Amino acid sequence: MSTALLFPGQGSQRPAMLQSLPQTPAAARSWAEAQHCLADLDGLPEQLDTAEALQSTTNAQLCLLITGVAYARALIEDHGLQAEFVAGHSVGAFAAAVVAGVLNLTDAIRVVRVRGDMMQRACAARQWGMAAISGLSLSAVQSLVSSHGTVQDPLWVANINAADQTVVSGTAAALENLRGPAERAGARNLTALDVRIASHCPLQASTAHAVAAELRNVSPGRQQRAYLANRTGRRLHHNPAGVVEDLAQAVQHPVQWFDCMRLIGELGVTTTIEMPPGHVLTSLALSSLPDVRVAALDEVAIDTVLRRARSAYP
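Written as structure tokens, this is what we have:
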């Protein structure tokens, strides 16, 4: 019996998210550490989490990292939660790596700054985006991508989130043109994500290279919790080098989130807890893990979440 902490990725951000961090010692230390690091980085707005600031990929990713770490540390250090596994979706993997003990928060902030800047740069010349297709199998989505993506307006499978939900990256025009074919193929809906980039695809090869170079300047810490990898959907434990490799390379490969969720079931995890903001990962867990208790801290009080998690232990 065990608990997995889940960390959301870009698209879950919301204005003022840094203003509602837990009022606990560990969260306060995390916020102070983050502020100290952010002050040394040029070109960032004074307030990262305004609606305007969050239009920036870099700012949104930094806010998600800081929020995820602050909430997880509050649960573990201030409330004594036992958490054996961590899994982060896309940029959420950096928060997971911090909570796993592989990165410290300062190093993670510096690397995510580079990651966000490079992702924006890779998409600067054209209008790009991402969209979630629900109600179709992965093979059906792959067929659509193959049939409707072109050299001029490419499409790529970017996230395999559930048995019937796949996220696609591509140009804005390609994604819009995909709507009709997806509906005719039986999709329930095609929903544009709140991002202005195409992630987890070959377009981000330069980002992966830059992130890998930045991570070479980091000394990984002693891993304390198992980390579920974005690229493979497999468990990495006592393998900080493997975690670092996943952080570097995942941005140019599809996120294997459905495999991560299936692995959580295979490992006997009894509770998943999603860090704010939002509940996207909790909804995905509900569809993939019918026998696992799930909770999103945005929707359930910390005390209630702790009771649910602890009731799974003898």
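Per this note's numbering, residue 191 is the first one in the sequence shown, and the count goes up by one each step.
Even glycine gets a Cβ: it sits at the ideal position worked out from N, Cα and C.
All figures in this text were calculated on a predicted structure; none of them were measured in a lab.
Candidates 376, 343 and 378: closest to residue 365 by CA position: 343
What do you get for residue 504, buried or exposed, if any count of 16 or more other CB atoms within 10 angstroms of its CB means buried? Below a pLDDT of 50, predicted positions are generally treated as unreliable, and residue 504, at 44, falls in that range; no measurement from the model is reported.
Let me check one thing: in DSSP terms, what residues is residue 150 bridge-paired to? Because the chain is modelled from 191 through 504, residue 150 falls outside the range shown and cannot be assessed.
According to the Cβ coordinates, are residue 290 and residue 425 closer than 7 Å? no
Neighbourhood of residue 446 by C-beta, 7 Å cutoff - its chain only, sequence neighbours within 5 removed: 350, 420, 421, 422 and 423
In chain order, which continuous runs of the alpha helix (DSSP H) of length 4 or greater are located wholly inside the region 196-230? 215-229
Between the Cα of residue 255 and the Cα atoms of 244, 270, 298 and 359, which residue gives the shortest distance? 298
Cβ shell of residue 196 (< 6 Å), same chain only, five flanking positions each side left out: 277, 462, 464 and 471
Rounded to whole angstroms, what is the Cα-Cα separation between residue 300 and residue 223? 12 Å
Mapping DSSP to helix, strand and coil, what is residue 504? Any answer about residue 504 is weak, because its pLDDT of 44 lies below 50 and its placement is not dependable; what the coordinates show is given next. If DSSP states are grouped into helix, strand and coil, residue 504 belongs with coil.
Among the residues of its own chain, which have a CB less than 7 Å from the CB of residue 501, if the five just before and after it don't count? none
Rounded to whole angstroms, what is the Cα-Cα separation between residue 247 and residue 357? 18 Å
Once the 5 residues before and after residue 395 are set aside, which same chain residues still bring their CB inside 6 Å of it? 442
Three Cβ pairs or more, each shorter than 8 Å: is that satisfied between the region 328-337 and the region 363-380? yes
What residues match up with residue 417 in a beta bridge as DSSP calls it? 276 and 426
Residues in its own chain within less than 7 Å of residue 498 by CB, not counting five upstream and five downstream? 461, 483 and 485
If contacts are defined as beta-carbon pairs under 8 Å, then residue 455 and residue 479 qualify, I think. What distance do you get, rounded to the angstrom? 5 Å
Using 8 Å as the threshold, is the region 255-265 in touch with the region 203-212, meaning 3 or more CB pairs across them? yes
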